[in-house]
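Engineer:
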Amino acid sequence: MSGAKVVAVTGANGYVGSIIAAALKDEAEVLSLSRAPRGDNQIAFEFGGDMDLLARRLREHGVTHLIHAAWDMRTSTAKEAERICVAGSRAVLAAARRAGVEKLIFISSVSAFRSARSTYGRSKLEVEQAFRDAGGLVLRLGLIHGAHAGGAFGAMKRIATTSPIIPLIGDGKAPQFLLAEDDLKDIIVRAVRGEFDDEASVMTLAHPEPLAFRDILFRLAEEAGCRPIFLPIPWRILYCVLLSQEKLGFKPRARSDSILSFVYQDPAPDFVPMRRHGISPKPFSCSASGACAESAGSERAANRKAWPPG
């Protein structure tokens, strides 16, 4: 590929998408695809939208790369996920191909694997295959963490640093594979430069040694000066409660499907492609990664006052 790179990023206003867009600001012209575009470098996009118009806009802007990071996390059933996320992602892929986009990158998750039980994991797996069939690159990301964490890690951080009692899903031993924001940025830049163009396999990207859910929460709380009490909740009870709410038409903040993703993890992620390209994600370190330091100082005094040492 010759000439300037123009990278379109779906989901650029989300946590992971915003990291990707920021990583590429010195590498390429970045176009954010979002529901509410606010400038010349943003294009209107949403699942189920006008894909012919999207294809024209991509062509007009001379887009060379598409990074598809958007996903509707509000879907709670397999039918919804298929109709909105899977069909929508296929439509985005088709629009990019009609626009002549040369490089296609799909941002997937370690929740996607062959025997996944969650709708989220199975849906991601379907879209992975569509991108691979089109000659695209698939990046399966671990749980992203950093100084300004959002998404699942951000929620974990808020709970760990603001609540004296922390609920645990099951015994809290579910393994979590983590990836630091800085490592993700480096990987994305390398991907856009074409360093992984010869990679035919899905690239699972995370530190290969997982941490237990409980251990992560404990480290986050400890860094903020908290001494939490952990309250284990049998995961099946939590799953049934959330599922019942969903069936009644409610939209709880946590989804029943997320419980399945959490409990049934890939028992043996394949890190061979990652190592083949010399990628060595750093291990999780609360202070070193900045994952806790941002708010630790302001929260520490309040938390110690609320929870005096026993």
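Sequence positions in the sequence shown follow my numbering and run -9 to 300. For each residue, glycine too, the CB sits at the ideal point set by N, CA and C. Source: prediction; values computed, not measured.
1) I'd like the list of long-range same chain contacts for A(-6), defined as Cβ closer than 6 Å, with 5 residues on each side in sequence excluded.
2) Is there contact here, the segment 112 to 120 with the segment 258 to 265, by at least three beta-carbon pairs under 8 Å?
3) Quick one: grab the DSSP three-state call for E19.
4) Tell me whether the beta-carbon of G38 lies closer than 8 Å to the beta-carbon of G78.
5) Inspect the beta-carbon positions of D256 and F103 and report whether they are closer than 8 Å.
6) Would A196 pass as a contact of P271 if the rule is Cβ separation under 8 Å?
7) Inspect the beta-carbon positions of V6 and I177 and report whether they are closer than 8 Å.
8) Should V(-1) go down as buried or exposed, given a rule of 16 or more other Cβ atoms within 10 Å for buried?
9) Is it buried or exposed for L238, if we count other Cβ within 10 angstroms and need 16 for buried?
10) Which residues mark the beginning and the end of the alpha helix (DSSP H) in which I149 is found?
11) How is the beta strand (DSSP E) around A12 delimited, first residue to last?
12) Please name the residue or residues paired with K93 in a DSSP beta bridge.
13) Where does the unbroken alpha helix (DSSP H) through F203 begin, and where does it stop?
14) Any contact between the segment 107 to 114 and the segment 64 to 81? By contact I mean 3 or more CB pairs, one from each, below 8 Å.
15) Would you call H58 buried or exposed, if buried means 16 or more other Cβ atoms sit within 10 Å of its Cβ?
16) At which residues does the beta strand (DSSP E) containing L127 begin and terminate?
17) Compare the Cα-Cα distances from T194 to each of I227, E50, S99 and report the closest residue.
18) If I follow the unbroken alpha helix (DSSP H) through L174, where does it start and stop?
19) Excluding the 5 residues preceding and the 5 following S279 in the sequence, name in chain order all residues of the same chain whose CB lies nearer than 7 Å to its CB.
20) What number of angstroms, rounded off, separates the C-alpha of I206 from the C-alpha of Q235?
21) Between the beta-carbon of G160 and the beta-carbon of F220, is there less than 8 Å?
22) Near T54, what residues of its chain come up, given a Cβ to Cβ distance below 6 Å and the 5 sequence neighbours on each side ignored?
23) Quick check on V100: does DSSP put it in helix, strand or coil?
24) What are the boundary residues of the alpha helix (DSSP H) that includes Q119?
25) Return the first residue and the last residue of the beta strand (DSSP E) that P222 is part of.
26) Indicate the three-state DSSP secondary structure (helix, strand or coil) for A45 in the structure shown.
27) Can you find a heavy atom of the ligand MN that lies under 7 Å from the Cβ of P218?
28) Could you check if I75 is buried or exposed, using at least 16 other CB atoms within 10 Å of its CB as the buried criterion?
29) What does a CB cutoff of less than 8 Å around R46 pick up in its chain, not counting 5 residues either side in sequence?
30) Given P157, which residues of its chain have a CB within under 7 Å of its CB, disregarding the five upstream and five downstream residues?
31) In terms of residues, what are the limits of the beta strand (DSSP E) holding L238?
32) Using the three-state DSSP reduction, which class does S24 fall into: helix, strand or coil?
33) Indicate the three-state DSSP secondary structure (helix, strand or coil) for P(-2) in the structure shown.
Structural biologist: Looking at the coordinates:
1) As a first step, residue -6 must be located in the sequence shown, where it is residue number 4. Hits under 6 Å: none found.
2) Put simply, the segment 112 to 120 does not touch the segment 258 to 265. Fewer than three CB pairs are less than 8 Å apart.
3) Looking up residue 19 in the sequence shown gives position 29. Assignment of E19 by DSSP, reduced to helix, strand and coil, places it in the strand class.
4) Taking the first residue of the sequence shown as position 1, residue 38 is located at position 48. Taking the first residue of the sequence shown as position 1, residue 78 is located at position 88. Cβ atoms of G38 and G78: closer than 8 Å.
5) Here residue 256 corresponds to residue number 266 of the sequence shown, with the count starting at 1. Here residue 103 corresponds to residue number 113 of the sequence shown, with the count starting at 1. With contacts defined by Cβ atoms closer than 8 Å, D256 and F103 form a contacting pair.
6) Indexing the sequence shown from 1 puts residue 196 at position 206. Indexing the sequence shown from 1 puts residue 271 at position 281. Yes. Within cutoff.
7) Start at 1 with the first residue of the sequence shown, and residue 6 comes out as number 16. Start at 1 with the first residue of the sequence shown, and residue 177 comes out as number 187. The criterion of a C-beta distance shorter than 8 Å is not satisfied by V6 and I177.
8) For this step, residue -1 is matched to residue 9 along the sequence shown. Label assigned to V(-1): buried.
9) What you label residue 238 is simply residue 248 of the sequence shown in a count that begins at 1. The residue in question, L238, is exposed, as its Cβ has fewer than 16 Cβ neighbours within 10 Å.
10) One-based indexing of the sequence shown puts residue 149 at position 159. I149 -> alpha helix (DSSP H) spans 141 to 152.
11) Indexing the sequence shown from 1 puts residue 12 at position 22. Taken as a continuous stretch (DSSP letters only), A12 belongs to no beta strand (DSSP E), being part of the alpha helix (DSSP H) at 5 to 13.
12) In the sequence shown, counting from the first residue as 1, residue 93 sits at position 103. For K93, which the question treats as bridged, DSSP gives the partners H55.
13) The residue given as residue 203 occupies position 213 in the sequence shown. Here the alpha helix (DSSP H) through F203 covers 203 to 213.
14) With a cut-off of 8 Å on Cβ pairs, the segment 107 to 114 is in contact with the segment 64 to 81, counting three or more such pairs.
15) Position 68 of the sequence shown, counted from the first residue, corresponds to residue 58. By the neighbour-count criterion, in which 16 or more other beta carbons inside 10 Å mark a residue as buried, H58 falls on the buried side.
16) One-based indexing of the sequence shown puts residue 127 at position 137. 127 to 131 is the extent of the beta strand (DSSP E) around L127.
17) Along the sequence shown, one-based indexing puts residue 194 at 204. The residue from I227, E50, S99 with its alpha-carbon nearest to that of T194 is S99.
18) Translated into the one-based positions of the sequence shown, residue 174 becomes position 184. Its alpha helix (DSSP H) spans residues 171 to 182.
19) On the sequence shown, position 289 is the one that residue 279 refers to. Low local confidence applies: a pLDDT of 47 at S279 is under 50, so the model's placement there is unreliable, and no value is given.
20) Working through the sequence shown from its first residue, we reach residue 206 at position 216. Working through the sequence shown from its first residue, we reach residue 235 at position 245. Taking the straight line joining both Cα atoms gives about 28 Å.
21) Here residue 160 corresponds to residue number 170 of the sequence shown, with the count starting at 1. Here residue 220 corresponds to residue number 230 of the sequence shown, with the count starting at 1. No, they are not a contact pair.
22) On the sequence shown, position 64 is the one that residue 54 refers to. Excluding residues up to 5 positions away in sequence, K(-5), V(-4), E92 lie with their Cβ nearer than 6 Å to the Cβ of T54 in the same chain.
23) The residue labelled residue 100 in the question sits at position 110 within the sequence shown. If DSSP states are grouped into helix, strand and coil, V100 belongs with coil.
24) Within the sequence shown, residue 119 is the residue found at index 129, counting from 1. 109 to 123 is the span of the alpha helix (DSSP H), which, as asked, contains Q119.
25) The sequence position of residue 222 within the sequence shown is 232, counting from 1. Start and end: 219 to 223.
26) The sequence position of residue 45 within the sequence shown is 55, counting from 1. Looking at A45 - three-state DSSP - the assignment turns out to be helix.
27) Judged by which ligands are present, the structure shown has none, so any question about the ligand MN falls away.
28) One-based indexing of the sequence shown puts residue 75 at position 85. With the sequence shown as reference, residue 75 is identified as Cys, and Ile is not the correct amino acid for it. Buried: at least 16 other Cβ atoms inside 10 Å.
29) In the sequence shown, the residue the question calls residue 46 occupies position 56. Take R46, set aside five residues on each side of it, and the residues of its chain with a beta-carbon closer than 8 Å to its own are A89, in chain order.
30) Stepping through the sequence shown from its first residue, residue 157 is reached at position 167. Cβ within range, chain order: L221, I223.
31) For the purposes of this step, residue 238 is taken as the residue at position 248 of the sequence shown. Counting along the chain, L238 falls outside any beta strand (DSSP E), and DSSP gives it neither H nor E.
32) Residue numbering aside, residue 24 sits at position 34 when the sequence shown is read from its first letter. Of the three classes helix, strand and coil, the one that applies to S24 here is strand, per DSSP.
33) Taking the sequence shown and counting its residues from 1, the one referred to as residue -2 is at position 8. Here the sequence assigns Ala to residue -2, which means Pro is not the residue at that position. Three-state result, A(-2): strand.
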